[in-house]
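One structure below.
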Amino acid sequence: MEKINLVWLKRDLRLTDHAPLQAALTSGRPTLLLYLFEPMLLGDAHYSERHWRFVWQSLQAINRDLVQSKGEVLIVTSDWQTCFARIAERYAIEAIYSHQEVGLACTF
Numbered sequence: 001m002e003k004i005n006l007v008w009l010k011r012d013l014r015l016t017d018h019a020p021l022q023a024a025l026t027s028g029r030p031t032l033l034l035y036l037f038e039p040m041l042l043g044d045a046h047y048s049e050r051h052w053r054f055v056w057q058s059l060q061a062i063n064r065d066l067v068q069s070k071g072e073v074l075i076v077t078s079d080w081q082t083c084f085a086r087i088a089e090r091y092a093i094e095a096i097y098s099h100q101e102v103g104l105a106c107t108f
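The following block contains the structure:
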């Protein structure tokens, strides 16, 4: 099973000046970029349709930027537990890198 790093993208949807991404890439292991549309957040009153449209458009822009390096962000609608278990069926996740969420206490 291939060993990988997992970078869980949340609110910071940039490829530059992104400390968790840089830390993952520095390790030398293959790195999987992940964005989760978590069902509990999709229905949360703190977020609007406009917010989710912006997130989707930002992810599409990142994927366009990654075409040359043959990379992409894996975009999944799921709770994190189910998603991580699915990824672990295929890869040995050595480390998970992400910014810590602040504000809402319903996600990591």
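Under UniProt numbering, the first residue of the sequence shown is numbered 1, with each subsequent residue one higher.
All C-beta atoms in this analysis are idealised placements derived from N, C-alpha and C, irrespective of residue type, glycine included.
Assuming L74 is part of the beta strand (DSSP E), what are its boundary residues? 73–77
Could you name the residues of the same chain whose beta carbon sits closer than 7 Å to that of I96, not counting the 5 residues immediately before and after it, in chain order? L6, W8
Report the start-end ranges of each beta strand (DSSP E) in the region 2–28 that is 3 residues or longer and not cut off at the edges. 2–9
Considering only the beta carbon of each residue, do I4 and T31 sit closer than 8 Å? yes
Give the range of the alpha helix (DSSP H) segment to which E94 is assigned. Unbroken run through E94 is the beta strand (DSSP E), 91–97; no alpha helix (DSSP H).
Candidates Q100, E72, H18, of which the one nearest Q60 by Cα: E72
Cβ-based neighbour list, A92, same chain, cut-off 6 Å, excluding 5 preceding and 5 following: M1, K3
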